[in-house]
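K.L.:
Okay, handing you the structure first.
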Amino acid sequence: MASSLEFVRYAAEQMGAAGEITYKKMFGEYGIYCNGKIVGLICENQLFIKITEAGRRLCPDYEEVPPYQGSKPYLLVEDIDDRELLAELTAETFRELPVSKPGKKKGEKSREKADKASRAEEKQSVQKQEKKGKAGMEKVDFKKRDKALYQPGRNPEFADVPEMVFLAVDGKGDPNTSADYKNAVGALYALSYTIKMSKKSDSCPPGYFDYVVPPLEGLWHTEEGGFDGKMITDKSKFCWISLIRQPDFVTEEVLEWAKEVCLAKKPETDTSNVRLLRYKEGMCAQVMHIGPYDDEPETIEKLERFIEANGYETEINETRRHHEIYLGDPRKTAPDKLKTVLRHPVRKSSRAAQTGRLKGEKNGINIGYKG
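My numbering runs 22 ahead of the 1-based position in the sequence shown.
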């Protein structure tokens, strides 16, 4: 999964005291620069800082892992909420990294070749140690574990969605221009990463396991309570509930603890409106939309035709909403390649139930996931 721009911005803000922090797309992910010198990478919503002796001294407990397959190891920075430590690590890394290398002399080639061979041997040794250390310690990635909920096909399918735990913020207005929406997303990410990093605190929740923070999601409806897919481009009329899924061990007590930590570490982030939501969608129809957000109406119409053809009807009301899961970043992904899961809650059509001629009863309904 690509990194979200909200996470990249948040990480850059946290590093800001070290100097001028900028970021740039690199091979599908982001390179992080301090005063023009690359100091790290962000891959799949995780921050990696280049390894230096200063960094090792400052953060001796940080894992040294490759951000992606075939990469050299970096320091994995899981606690990005500690602004002072992150800025100090960034500044020390910047100071210790070498400047651009001058042209090579002929007499240096043999020594460079030997050094290169030594580094390759060291890299292989590190990778072997990492593989041993990671055995039985893999993080839970909900996108992979519950693949049918996050990776439906481009042809609609049904899914029986079980109860899940979310952090949620309610609001309304155009998400592209609303300050409330931007603040809500920032608060959700801040709390989500605080909870994830609770493993390094004295308040690690009972039942904790390591995991990858899931993607941003949204429940959408109009002020009248319904949802018209054909009017989806009129974003000013939207009411939304912005969400990030949480592991089941997250309780009201865990959320309140995380809010207190955020208030102490990042008082400018308002988390007061974030609530814990246990949400069971039940029977739904879903489809993968690939393309610009403004082209969603066409995919929604396709989804609604599928629902009707199978003897069901969309059921959007005060408790069941149009649901979107954002798997792409519009700032770094071409519009025609953006991936968004579109999901509608459904119920059996009263007309189909009366006639008993459900297409699904006759031929079998494709249920992509059953919780």
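Note that beta-carbon positions come from the ideal geometry of N, C-alpha and C, so glycine has one too. As the structure is a computational prediction, the values presented were derived from the model and not from experiment.
Taking 7 Å as the cut-off, decide whether the C-beta atoms of V207 and E28 are in contact.
P.N.:
Counted from its first residue, the sequence shown places residue 207 at position 185. Counted from its first residue, the sequence shown places residue 28 at position 6. Yes, they are a contact pair.
K.L.:
Relative to the C-alpha of P89, which candidate in N57, E51, L119 and R117 has its C-alpha closest?
P.N.:
Walking along the sequence shown from the start, residue 89 turns up at place 67. Minimum Cα distance to P89 is reached at E51.
K.L.:
Hey, could you find the ends of the alpha helix (DSSP H) Y90 is sitting in?
P.N.:
Here the question's residue 90 lines up with position 68 in the sequence shown. It is not in any alpha helix (DSSP H) - Y90 carries neither H nor E in the DSSP assignment.
K.L.:
Measuring only the C-alpha atoms, how far is E35 from T291?
P.N.:
Position 13 of the sequence shown holds residue 35. Position 269 of the sequence shown holds residue 291. Approximately 12 Å between the Cα atoms of the pair.
K.L.:
Please report the distance separating the alpha-carbon of E106 from that of R79.
P.N.:
In the sequence shown, counting from the first residue as 1, residue 106 sits at position 84. In the sequence shown, counting from the first residue as 1, residue 79 sits at position 57. C-alpha separation (whole angstroms): 16 Å.
K.L.:
Go ahead and pull the three-state DSSP assignment for E114.
P.N.:
Position 92 of the sequence shown, counted from the first residue, corresponds to residue 114. Reduced to three states, the DSSP call for E114 is helix.
K.L.:
Is the CB-CB distance between Y230 and F188 below 7 Å?
P.N.:
Taking the first residue of the sequence shown as position 1, residue 230 is located at position 208. Taking the first residue of the sequence shown as position 1, residue 188 is located at position 166. Not closer than 7 Å, so no.
K.L.:
I'd like to know if the stretch 292-304 and the stretch 226-240 are in contact, where contact means that at least 3 CB-CB pairs between them fall below 8 Å.
P.N.:
The answer is no - the stretch 226-240 does not touch the stretch 292-304, with fewer than three Cβ pairs under 8 Å.
K.L.:
Using the Cα positions of G240 and K72, report the straight-line distance between them to the nearest angstrom.
P.N.:
Translated into positions along the sequence shown, residue 240 becomes position 218. Translated into positions along the sequence shown, residue 72 becomes position 50. Near 35 Å, if we compare the C-alpha coordinates of K72 and G240.
K.L.:
Taking all protein chains shown into account, decide if A157 is buried (16 or more other Cβ within 10 angstroms of its Cβ) or exposed.
P.N.:
The sequence position of residue 157 within the sequence shown is 135, counting from 1. Confidence at A157 is low in this model, with a pLDDT of 44, below 50, so the placement of that residue is unreliable and no value is reported for it.
K.L.:
Can you tell me whether G155 is helix, strand or coil according to DSSP?
P.N.:
As a working mapping, residue 155 is identified with position 133 in the sequence shown. Annotation note: pLDDT 45 at G155 (below 50); position unreliable, no value reported.
K.L.:
Alpha carbons only, please: which of P237, N205 and T293 is nearest the one belonging to I266?
P.N.:
In the sequence shown, counting from the first residue as 1, residue 266 sits at position 244. Checking every option, the nearest Cα to that of I266 belongs to P237.
K.L.:
Can you give, in chain order, each stretch of the beta strand (DSSP E) that sits fully within the stretch 276-334 and has at least 3 residues?
P.N.:
Listed in chain order, the complete beta strand (DSSP E) runs (minimum 3 residues) inside the stretch 276-334 are 297-312.
K.L.:
Would you be able to state if there are at least three C-beta pairs under 8 Å between the stretch 326-338 and the stretch 355-371?
P.N.:
Result yes; three or more Cβ-Cβ pairs closer than 8 Å.
K.L.:
When you compare only the Cα positions, how much space is there between Q68 and F249?
P.N.:
Against the sequence shown, residue 68 aligns to sequence position 46. Against the sequence shown, residue 249 aligns to sequence position 227. Cα to Cα, the separation comes out at about 35 Å.
K.L.:
Would you kindly check if the distance between the Cβ of F180 and the Cβ of A39 is under 7 Å?
P.N.:
Mapped onto the sequence shown, residue 39 falls at position 17. Mapped onto the sequence shown, residue 180 falls at position 158. No; because the gap between Cβ atoms is not below 7 Å, this pair is not in contact.
K.L.:
Between A286 and L213, what straight-line distance do the alpha-carbon atoms span, to the nearest angstrom?
P.N.:
Along the sequence shown, read from residue 1 onward, the residue named residue 286 stands at position 264. Along the sequence shown, read from residue 1 onward, the residue named residue 213 stands at position 191. The alpha-carbon atoms of A286 and L213 are separated by roughly 12 Å.
K.L.:
Which of helix, strand or coil does DSSP assign to Q268?
P.N.:
If you number the sequence shown from 1, residue 268 lands on position 246. It is a strand residue.
K.L.:
Bridge partners for R369 per DSSP, in chain order?
P.N.:
As a working mapping, residue 369 is identified with position 347 in the sequence shown. Answer is E335, bridged to R369.
K.L.:
Output the distance between the C-alpha atoms of N198 and S258, rounded to the nearest integer angstrom.
P.N.:
On the sequence shown, residue 198 is found 176 positions in, with the first residue counted as 1. On the sequence shown, residue 258 is found 236 positions in, with the first residue counted as 1. Roughly 10 Å between the two C-alpha positions.
K.L.:
What does DSSP give as the partner residue(s) for E51 in the beta ladder?
P.N.:
Within the sequence shown, the letter at position 29 stands for residue 51. The partner list for E51 (beta bridge, DSSP) reads M48.
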